[in-house]
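Colleague:
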Amino acid sequence: MKITVYRKAHFNAAHRLHEPSLTDQDNEAIFGKCNNPYYHGH
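Numbering (the working numbering), first residue to last: 25 to 66.
1) On the DSSP bridge list, what partners appear for H64?
2) For the alpha helix (DSSP H) containing A33, name the first residue and the last one.
3) Counting C-beta neighbours from all protein chains within 10 Å, is the total for N51 16 or more, i.e. buried, or is it exposed?
4) Which residue wins for smallest C-alpha separation from D46, given the options A33, N36, F55?
5) Please report the distance separating the alpha-carbon of K57 from that of R31.
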(Lines of atoms letter the chains of each structure in order from A; the text may use other names.)
(Lines give C-alpha, C1' and ligand atoms only; values in the text may rest on other atoms or scores of the structure.)
Protein backbone atom coordinates (compact mmCIF):
# COMPACT_ATOMS: atom_id res chain seq x y z
CA MET A 25 0.00 0.00 0.00
CA LYS A 26 1.31 3.46 -0.92
CA ILE A 27 -0.07 6.67 0.57
CA THR A 28 0.88 10.10 -0.70
CA VAL A 29 -0.01 13.29 1.14
CA TYR A 30 0.17 16.69 -0.55
CA ARG A 31 -0.18 20.11 0.94
CA LYS A 32 -0.48 23.32 -1.05
CA ALA A 33 -0.10 26.65 0.73
CA HIS A 34 0.02 30.30 -0.27
CA PHE A 35 1.95 33.00 1.53
CA ASN A 36 1.70 36.74 1.05
CA ALA A 37 4.93 38.52 2.00
CA ALA A 38 3.48 42.02 1.64
CA HIS A 39 4.31 44.34 4.51
CA ARG A 40 4.62 47.99 5.45
CA LEU A 41 7.20 49.73 7.62
CA HIS A 42 5.43 52.52 9.48
CA GLU A 43 5.84 54.23 12.84
CA PRO A 44 2.47 55.70 13.95
CA SER A 45 4.12 58.29 16.22
CA LEU A 46 5.82 59.93 13.21
CA THR A 47 4.24 62.13 10.57
CA ASP A 48 3.51 60.73 7.11
CA GLN A 49 6.38 62.82 5.75
CA ASP A 50 8.84 61.50 8.34
CA ASN A 51 7.76 57.91 7.71
CA GLU A 52 8.25 58.38 3.97
CA ALA A 53 11.68 59.96 4.50
CA ILE A 54 12.83 57.14 6.79
CA PHE A 55 11.22 54.08 5.21
CA GLY A 56 10.86 55.17 1.56
CA LYS A 57 8.80 52.81 -0.61
CA CYS A 58 8.60 50.35 2.31
CA ASN A 59 6.07 52.79 3.84
CA ASN A 60 3.55 52.41 0.98
CA PRO A 61 0.02 52.38 2.53
CA TYR A 62 -0.91 49.60 0.08
CA TYR A 63 2.07 47.53 1.26
CA HIS A 64 4.92 46.12 -0.81
CA GLY A 65 6.32 42.66 -1.25
CA HIS A 66 9.50 40.90 -2.24
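Built from N, CA and C at the ideal position, the CB exists for glycine as well.
Modeller: With the structure as the only source:
1) DSSP, once it has assigned bridges, lists H39 as partnering H64.
2) No alpha helix (DSSP H) holds A33; DSSP gives it neither H nor E.
3) buried
4) Asp is not the amino acid found at residue 46; the sequence shown has Leu there. Checked all of A33, N36, F55; the closest Cα to L46 is F55.
5) 34 angstroms
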